[in-house]
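Peer 1: Before anything else, here's the structure in question.
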Amino acid sequence: MNPVLTIILQRLALGLLTLLIVSFVIFTAVNMLPGDFAEALLGQSATPEAVAAIRKDLNLDQPFFVRYFSWLGAMLTGDLGVSYAQLNFQSNMGASTLKTVADQIAPRFANTMFLAGVTACIAVPFAVTLGVLAALYRNSVFDKGVNIATLTSISSPEFFLAYILVLFLAVLNPLLPSIANIYQGISFQDRLVATLLPALTLTLVVTAHMMRMTRAAIISLLASPYIEMARLKGISPLRVIVKHALPNAWAPIINVIALNLAYLITGVVVVEVVFNYPGIGQLFVDAVKNRDIPVVQACCLIFAGAYILLNLAADILSIMTNPRLRHPK
Amino acid sequence: MTRISRRALLTTGAAAGVLAASGLPLRAMPKRGGRLRAGLGGANTSDSWDARTHSDLFMIAAAQGTVFDSLTEVKADGTLTGELAENWEASADAKTWTFNLRQGVTFHNGKAFGADDVIASLQMHVAEGAKSAAKPIVEAITDMKKITDHQVQFTLKAGNADFPYLLSDYHILMYPAGQIEEAIANGIGTGLYSVVSFEPGVRMVAKRVDSHYKGDAAGHFDEVEYIAINDNTARMNALMTGQVEAINRIDFKTEALLKANPMVRIQEVTGNQQYTFPMLTNVAPFNDVNVRRALKFAINRQEMVDKILLGHGRVGNDTPIGPANQYFASDMEQTAYDPDKAKFYLKEAGLSSLDIDLSASNAAFEGAVDAAQLYQASAKSAGININVVQEPSDGYWSNVWLKKPFCACYWSGRATEDWMFATAYEDGVPWNDTQWGREDSERFQDLLVTARAELDSNKRRDMYGEMQQILKDDGGVVLPMFANYVQAVSNKIANPDTVGNLWQMDNARMAERWWMA
């Protein structure tokens, strides 16, 4: 069997196991949230009877493990369940066309992926190029400038960066919209324009990490004998870095990129709120606020899945870039 | 008895304030056209076209304000007018009400509107298992009879002179009978605008219906777009950068920045929205009327208005009847901060000092914890030691409100006196957050029932005046302030001189009443 395939299968199996453990952690953690959906839903009108009735409707009165395994079972068959808010809506309506959690999450998830995608398209080439240039002109004014700028942007709170960009690109120079008014059926061009400000904000947030890893990985290789050899051959410094150093530096860079991509999928709630971007983060926060547990759990699982898959992809890609791992003896 | 002229005071007090705030002489005639884009807070991903579940501005503006109609409508000046009902008549005991419906009205799907739709739409609220906030209103109807296709007769359990007002509730919308499920799924009403697209918690777009029974008098935009923006700053940014033409709920702290923008004007109206501190009158020490009086004199109301509302409100007088109510007793003596009087009443109660807990959370209202701390400071000099207990926002309404003997709370108020009293001050009702009952004031509960069935406006004024006096002197609520509704619109939008003060955004009817300047 192809060794790469074996590794992939091994990693996939490990990933599934991780997901299983994560699912248990999620379920336990969500259960430890104070208050519950019945109370959050009824608000001012929560009487003990009404709360009990809703809990019974939603099987919230069942023991912990019974609920966990029935949820897990449904997950395994790909059924994310129906949100409590929808179930409650149904009891109000009699029979009705129900929106499942998957229906609710799908458009939001697509928006999030679009934002992550646009950000990645800008941030990854930008960060890697900056990293290479910083390594090339290391310890120069350029290198220090890039470091200071990216470290400043990663050290500032996201909402602050967002407002700075809004100030310069939406208020003082009205080039881009200050809120991302995205809806179903929007044209690709409009969507891109609406997504640009949040994507630029996120670019500022994730660039430093990737850029500094690129720079460090390359510089650590520059002392190696084979680089010295290349230099002695008289190759230009840029070519030394791009042709000789970078291929061996990919593994750590890819890992950092994967980590940042995962962050773009799971951690952008603040940016979504500032730009009113209808992504999965806002849905997630809403669901936590309303104690809509099926939605919370589904979101958590998706986030966990994104991390595991991206890490897996990073591992596989770093193997692919390393002939020694690609052809183990 | 078709049109009660109400709230003449509005045209003087609050309305004048609106004009002054808008800073523009808006005498222009409404004209048709354009697209109103509004950034609205108060949206949820669980929103739907089911009016029984509506509780916040986004859906109220989208449903009652845009796509659906009710039988009656409260106009901006506070008078009641017919919407889908043309006129109505009551029997002498206010128990039987006959409503004549508008003819020639159609739903957006072409179905004609008639008596059956009214009955089916009301029955939704009392259907088995239905959870409707308007259930008590519909439950009070014992019989609904279709007399002709365009006439319905309601028989009530007990006389209620305000019945037509209750039908203007934003939960009670008219759906097409037999197609209610479809209407809730797609938003099919009789309103001025029909739904183009709706994404819960994100956005709603609607376009003007070609020929509507309201004609050219209302619905001046070609299209309206409501964008859900729950974050205060994002909403303000959207208005400042011209992404939207109107926003609700201005953050008082940043209001000065909006005012500095010449393209934007602020609308401010004083309504019935009230921030309160209810005490459970059946729990010691609050069961002693002298303790309650001491607490009423120990709060500095003006300071609360100045520091919590930053001036955007008016002081309250411990009754839930506000300036948007017809029988608001504006001439009642105002209770003011007076530590000596508070000490006096404390002595009357046989106490030299008092230690109590006050539960508060910003879930009750924005700044509730700060307000509780101000209360703590002002009460100290009256010998009352208030221990502020900061409660978690989660579960505040289920674990603290109605449970803790003294806490912070808010009410949006009601259009009529009886509606407000029946919701929170009638003996034994579930939301009676002061446990105010017969044992506290026999007289109050008797007046409540008598005034409800009284059709003579002068007699009602006397009765409601007396009830407000009773609550002010003996009642269980400390009501220090009424908070204004503050919203902002771009100068591209024009609005009538009088803006409604029952709800934000011109009673949520901006799509109907405003136009492109």
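Top to bottom, those sequences are chains A and B.
Counting in my numbering, the first sequence runs from 1319 upward without gaps.
Counting in my numbering, the second sequence runs from 163 upward without gaps.
Quick reminder that beta carbons are idealized off the backbone N, C-alpha and C, glycines included.
Of all the alpha helix (DSSP H) runs that stay within the bounds of the region 1511–1572 of chain A, which reach a length of 4 or more residues?
Peer 2: Whole alpha helix (DSSP H) segments, 4+ residues: 1543–1550.
Peer 1: Against chain B, with Cβ distances strictly below 9 angstroms, would F1593(A) count as a contact?
Peer 2: Yes, F1593(A) counts as interfacial toward chain B.
Peer 1: Scan the region 437–469 of chain B for residues whose Cβ lies nearer than 8 angstroms to a Cβ of chain A and list them as they occur along the chain.
Peer 2: Residues passing the 8 angstroms Cβ filter: none.
Peer 1: Keeping to the same chain, check which residues put their C-beta closer than 6 angstroms to that of L284(B); ignore five residues upstream and five downstream.
Peer 2: Around L284(B): V300.
Peer 1: Measure the alpha-carbon distance for S1341(A) versus A379(B) and round it to whole angstroms.
Peer 2: Cα to Cα, the separation comes out at about 58 angstroms.
Peer 1: Examine chain A for any beta-carbon lying closer than 9 angstroms to the beta-carbon of M402(B), and answer yes or no.
Peer 2: It does: the Cβ of M402(B) has a partner Cβ on chain A nearer than 9 angstroms.
Peer 1: By Cβ distance below 6 angstroms, which residues in the same chain neighbour L617(B) in space, the five residues on each side in sequence not counted?
Peer 2: Around L617(B): A256 and A323.
Peer 1: Kindly indicate which three-state DSSP category V1315(A) falls into: helix, strand or coil?
Peer 2: Residue 1315(A) lies beyond the stretch modelled for chain A, which goes from 1319 to 1647, so this question has no answer here.
Peer 1: Which residue's Cα is closest to the Cα of G1333(A): T1346(A), L1628(A), P1565(A) and K1374(A)?
Peer 2: Of the candidates T1346(A), L1628(A), P1565(A) and K1374(A), the one whose C-alpha sits nearest the C-alpha of G1333(A) is L1628(A).
Peer 1: What alpha helix (DSSP H) runs, 4 residues minimum, are completely inside the region 1329–1393 of chain A?
Peer 2: Listed in chain order, they are 1355–1360 and 1366–1375.
Peer 1: Should C1439(A) go down as buried or exposed, given a rule of 16 or more other Cβ atoms within 10 Å for buried?
Peer 2: By the neighbour-count rule (16 or more Cβ atoms within 10 Å), C1439(A) is not buried but exposed.
Peer 1: Tell me which residue opens and which closes the beta strand (DSSP E) that Y355(B) is part of.
Peer 2: Taken as a continuous stretch (DSSP letters only), the beta strand (DSSP E) holding Y355(B) covers Y355 to E361.
Peer 1: Specify whether the region 1545–1562 of chain A and the region 1489–1496 of chain A touch according to this definition: at least 3 beta carbon pairs, one from each stretch, less than 8 angstroms apart.
Peer 2: At 8 angstroms Cβ cutoff, the stretches do not touch.
Peer 1: Starting from Q405(B), find everything on chain A with Cβ-Cβ shorter than 9 angstroms and list it in chain order.
Peer 2: Within 9 angstroms Cβ-Cβ: A1488, P1495, S1496, I1497 and N1499.
Peer 1: For a contact meaning CB atoms closer than 8 angstroms, what does I391(B) contact in chain A?
Peer 2: Within chain A, the residues near I391(B) are I1497 and N1594.
Peer 1: Tell me whether I1466(A) is buried or exposed, calling it buried when 16 or more other Cβ atoms sit within 10 Å of its Cβ.
Peer 2: Under this definition I1466(A) is an exposed residue.
Peer 1: Quick check on the burial criterion: 16 or more other C-beta atoms within 10 angstroms. Buried or exposed for R614(B)?
Peer 2: Looking at its Cβ environment, which holds 16 or more other Cβ atoms inside 10 Å, R614(B) is buried.
Peer 1: Classify P1641(A) as buried or exposed, calling it buried when 16 or more other Cβ atoms lie within 10 Å of its own Cβ.
Peer 2: Exposed is the call here.
Peer 1: If we cut at 9 angstroms on Cβ distances, does V1587(A) have a partner in chain B?
Peer 2: Chain B contact via Cβ: absent.
Peer 1: Quick one: Cα of M1393(A) to Cα of T1521(A), how far?
Peer 2: Approximately 34 angstroms between the Cα atoms of the pair.
Peer 1: State the start and end residues of the unbroken alpha helix (DSSP H) segment that holds R370(B).
Peer 2: Note, R370(B): premise wrong, no alpha helix (DSSP H); beta strand (DSSP E) at R365 to R370.
Peer 1: Can you check which of these residues, G363(B), Q597(B) and E495(B), is closest to L1601(A) by C-alpha distance?
Peer 2: The candidate whose alpha carbon is nearest that of L1601(A) is G363(B).
Peer 1: Please tell me whether N410(B) and A1488(A) are closer than 9 angstroms, where the distance is taken between their beta carbons.
Peer 2: Against a cut-off of 9 angstroms, the Cβ pair of A1488(A) and N410(B) comes out as no contact.
Peer 1: Flag this pair as yes or no: are the beta carbons of N657(B) and P424(B) separated by less than 9 angstroms?
Peer 2: The answer is no: Cβ separation not under 9 angstroms.
Peer 1: By alpha-carbon positions, which one of N663(B), V640(B) and D239(B) ends up nearest to N479(B)?
Peer 2: Considering only alpha carbons, the answer is V640(B).
Peer 1: Could you tell me which chain D residues have their CB closer than 7 angstroms to the CB of V364(B), listed as they occur along the chain?
Peer 2: Any reference to chain D falls outside this structure, whose protein chains are A and B.
Peer 1: Is there a C-beta anywhere in chain A that falls below 9 angstroms from the one on N620(B)?
Peer 2: So, not an interface residue.
Peer 1: What residues in its chain sit with their C-beta under 6 angstroms from that of V551(B), if we drop five residues either side in the sequence?
Peer 2: So the list reads D519 and S521, once near-sequence residues are dropped.
Peer 1: Please identify, using Cβ separations under 9 angstroms, the residues of the region 1594–1622 of chain A that lie next to chain B, in order along the chain.
Peer 2: Answer set for the region 1594–1622 of chain A: N1594, P1596, Q1600, L1601, D1604, A1605, K1607, N1608, R1609, D1610 and V1613.
Peer 1: In three-state terms, what does DSSP make of L1643(A)?
Peer 2: The answer is helix: DSSP assigns L1643(A) an H, G or I state.
Peer 1: Write down the C-beta distance between Y140(B) and Y437(B) rounded to the nearest angstrom, noting that I regard them as a contact closer than 8 angstroms.
Peer 2: In this structure chain B extends from 163 to 679, so residue 140(B) is not present and cannot be described.
Peer 1: Could you check whether the Cβ of V1484(A) sits closer than 9 angstroms to any Cβ belonging to chain B?
Peer 2: Yes, because at least one Cβ of chain B sits closer than 9 angstroms to the Cβ of V1484(A).
Peer 1: From the DSSP output, which residues share a beta bridge with K307(B)?
Peer 2: Its beta-bridge partners are Q315(B).
Peer 1: Nearest to A584(B) by alpha carbon, out of T241(B), G351(B) and P482(B)?
Peer 2: It is P482(B) whose Cα lies nearest to the Cα of A584(B).
Peer 1: Is T207(B) helix, strand or coil by DSSP?
Peer 2: Looking at T207(B) - three-state DSSP - the assignment turns out to be coil, as it is neither helix nor strand.
Peer 1: Interface residues of chain A around E361(B) at Cβ under 8 angstroms?
Peer 2: The contacting residues are P1425, Y1501, Q1502 and P1596.
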